[in-house]
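Residue numbers (the numbering used here), protein chains in the order written: chain V, 52 to 160; chain L, 72 to 640. Quick notes on the structure that follows.
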């Protein structure tokens, strides 16, 4: 995750990240299991099912990311797409950032 | 003119002038005191119309008070104060002055009692928000500002056409609820929706706002779209078209924000998303829905400004605005990180934040009206908001990989304004009863029930899980996404170029034909009249030669006999 020049911040050490994942998993399990104790009032039947919120949230996000990904294939363009090559009045700022962007590209996203 | 007929907007307008005239501490004092004075003035306005002025043959109502109008004006005034505090040490004086005049327009719209006053303040906003965009100072900001101005002037014209139609049709310039049933009311609705960044012109928002300065975008995020929401509540409550428009905006905002790489553009798309919730609520139109729209607008202005402030600090300190260039900033910017996360949680309507206590009213309104699909889509969108703004924004800016950047944290004034707004986000989340009495209708709603909180926790936390599971798919690329503005930024110029080329070749064809005709007629002229410069030489045309006398006499004789012959025939 981080560069090796300086000691790793405690938050990004692999051990911490593992602990965070474990903690998150416990919390996720807890909010689903809590439904055995807490009554969720469903308005339309389905939304009172056990774990509906969890499944619905997860599936919807999955769908939205996939739709975005697919639309991205059609809609994405290089960030200098609108720059006018004939004039200087294009995206001067973007042009500058593009240069720094190409330097950064080596590091990956 | 009586004093109560002066709009609180005039205080901000005067302040905008003073900011230009004064320097140093005096200017700072104006920046900080004028919004508080405005806030005080807002609460001095009683309900109802505060007198009329006759203008041409219309009775203008410059100030009309109501709980709804005061609510919007209040949050606008708070926004100007905290925005001013955030900006005053960095922003140039003309940016501050323009931002104040822009806010004056927004406050003016809040209290406009008639359509003509509303239109005047509407145009004031368009004018000065364009200047705020231009204050970005880059060539890109200049170009985006021009596109922004064209879009808003066009919206203004459409609105004006509608207003004229309604005034001619009904004879009344009153602001009163209507439905889009005929041409004029449709024009008013479209004019307002253009300012709300509704489809198909949502692109103006994500085009212009991210090009402004790091301080300018904080102001821009607050006023234009929210005055449009106010105008919709005042003019089109219960207009069924708005439900669909709102739901489209909600989904559009999520999808485009997911594709985006520029941090402020992510936030700009999420404005469209959030305004979509409000537009949808206005479309539902019940008291609960309108309360929800108003409360959500109030909360939204605060947390969205907070998010733009934290993004602004990052850009101010690093000069970078792309997810691909940022990351790992939490090490040296703890305050900005925490405030950014509070804003992100609030926009995702996490329990204990202002988003939860306001946005859930809109969902409740959908439930009350038995709109299953609207409720389901709004719930899905709540999950999507957590995905695109709640986690994506803080993750890519403050965590992610280590970009190697070690910028200083926010300057004290920016930090203080972020703390103020972060505090408000949590305050309104923990004590919603502070906001509920200010809403236009009596509130009969309990935000915190164990079941509701648990449902939202399931929804949001599993959206969070989806984010990290799908992280490989979310990898940022150095790209922009095409939008409808492609039509006027690429397709229209290309079409005009094509037409130009067509006309050009047609012109060339005509020119070539003309030359040919000229040459041909010249050849004939030379043949019969001779070259102009060879007057006395032998190279004369047929008619210009000197004929011998005999030939002439012969021709005359021939002509005369022909004449005699014709006479007797």
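Built from N, CA and C at the ideal position, the CB exists for glycine as well.
Report task. Could you tell me if residue 230 of chain L is buried or exposed, where buried requires 16 or more neighbouring beta carbons within 10 angstroms of its beta carbon? Result -> buried
**Report entry** Neighbour flag for residue 544 of chain L against chain V, beta carbons, 7 angstroms
**Finding:** yes
Query raised in the report: Listing by chain order, which chain V residues have their CB less than 9 angstroms from the CB of residue 340 of chain L?
Result: None at all; the shortest Cβ gap to chain V is about 11 angstroms.
Report task. Excluding the 5 residues preceding and the 5 following residue 108 of chain L in the sequence, name in chain order all residues of the same chain whose CB lies nearer than 7 angstroms to its CB. Result -> Excluding residues within five positions, the ones whose Cβ falls inside 7 angstroms are 82.
Report task. Between the Cα of residue 265 of chain L and those of L:622, L:422, L:150, L:219, spot the shortest distance and give me the residue it belongs to. Result -> Considering only alpha carbons, the answer is L:219.
Query raised in the report: By Cβ distance below 6 angstroms, which residues in the same chain neighbour residue 202 of chain L in space, the five residues on each side in sequence not counted?
Result: 169
Query - Which residues DSSP lists as bridging residue 152 of chain L, in chain order - result: Note: residue 152 of chain L sits in no beta bridge, so no partner.
Query raised in the report: For residue 362 of chain L versus residue 512 of chain L, is the C-beta spacing smaller than 7 angstroms?
Result: Going by C-beta atoms, residue 362 of chain L is nearer than 7 angstroms to residue 512 of chain L.
Report task. Compare the Cα-Cα distances from residue 543 of chain L to each of L:471, L:483, L:529 and report the closest residue. Result -> L:471
Report task. Would you mind stating whether residue 146 of chain L and residue 369 of chain L have Cβ atoms separated by less than 7 angstroms? Result -> yes
Query - Pick from L:373, L:382, L:467, L:443 that is closest to residue 281 of chain L, judged by C-alpha positions - result: L:382
Report task. Spell out whether any CB of chain L is found under 7 angstroms from the CB atom of residue 66 of chain V. Result -> no
Query - Which of helix, strand or coil DSSP assigns to residue 307 of chain L - result: coil
Query - Between the CA atoms of residue 570 of chain L and residue 494 of chain L - distance to the nearest angstrom - result: 57 angstroms
Query raised in the report: When the Cβ atoms of the stretch 272–292 of chain L are set against those of the stretch 300–317 of chain L, are three or more pairs found closer than 8 angstroms?
Result: Because the criterion of three Cβ pairs below 8 angstroms is not met, the stretch 272–292 of chain L and the stretch 300–317 of chain L do not touch.
Query raised in the report: Does the beta carbon of residue 77 of chain V sit closer than 7 angstroms to a beta carbon anywhere in chain L?
Result: No, no contact with chain L.
Query raised in the report: At a CB-CB cut-off below 7 angstroms, which residues of chain V make contact with residue 522 of chain L?
Result: 89, 90, 91, 92
Query raised in the report: With which residues is residue 552 of chain L paired in a DSSP beta bridge?
Result: DSSP, once it has assigned bridges, lists V:127 as partnering residue 552 of chain L.
Query raised in the report: Under 7 angstroms between C-beta atoms, does residue 142 of chain V make it to chain L?
Result: Its pLDDT being 44, under 50, residue 142 of chain V is placed unreliably by the model, and nothing is read from it.
Report task. Using a Cβ-Cβ cut-off of less than 9 angstroms, list which residues of the stretch 444–456 of chain L approach chain V; keep chain order. Result -> So the list reads 446, 447, 450, 451, 452, 453, 454, 455, given in the order they occur along the chain.
**Report entry** Near-chain L residues of the stretch 118–131 of chain V - C-beta to any C-beta below 7 angstroms
**Finding:** For the stretch 118–131 of chain V, the beta-carbon criterion of a distance under 7 angstroms to any beta-carbon of chain L is satisfied by 118, 119, 120, 122, 123, 126, 127, 128, 129, 130.
Query raised in the report: beta strand (DSSP E) containing residue 129 of chain L: first to last residue?
Result: 129–131
**Report entry** Any chain L beta carbon closer than 7 angstroms to residue 108 of chain V
**Finding:** yes
Query raised in the report: Along the chain, which unbroken stretches of the alpha helix (DSSP H) at least 4 residues long are found entirely within the stretch 397–484 of chain L?
Result: 405–418, 425–439, 443–456, 463–469
**Report entry** Endpoints, beta strand (DSSP E) assigned at residue 125 of chain L
**Finding:** 124–126
Query raised in the report: What does residue 105 of chain V reach in chain L if we use C-beta pairs closer than 8 angstroms?
Result: Within chain L, 529, 530, 532, 533 have C-beta atoms less than 8 angstroms from the C-beta of residue 105 of chain V, given in sequence order.
Query raised in the report: If residue 521 of chain L sits next to residue 432 of chain L, beta carbons under 8 angstroms apart, how far is it from one beta carbon to the other, in whole angstroms?
Result: Contact flag wrong, Cβ pair sits at about 18 angstroms.
Requested in this report: Establish whether the CB of residue 263 of chain L and some CB of chain V are separated by less than 7 angstroms.
Outcome: No, because no Cβ of chain V sits closer than 7 angstroms to the Cβ of residue 263 of chain L.
Query raised in the report: Listed in chain order, which residues of the stretch 396–415 of chain L have Cβ atoms closer than 8 angstroms to some Cβ of chain V?
Result: 396, 399, 401, 402
**Report entry** Counted within 10 angstroms of its Cβ, other Cβ atoms place residue 328 of chain L as buried (16 or more) or exposed
**Finding:** Burial call: buried.
Query raised in the report: Taking the alpha-carbon positions, what's the residue 270 of chain L to residue 91 of chain L distance?
Result: 37 angstroms
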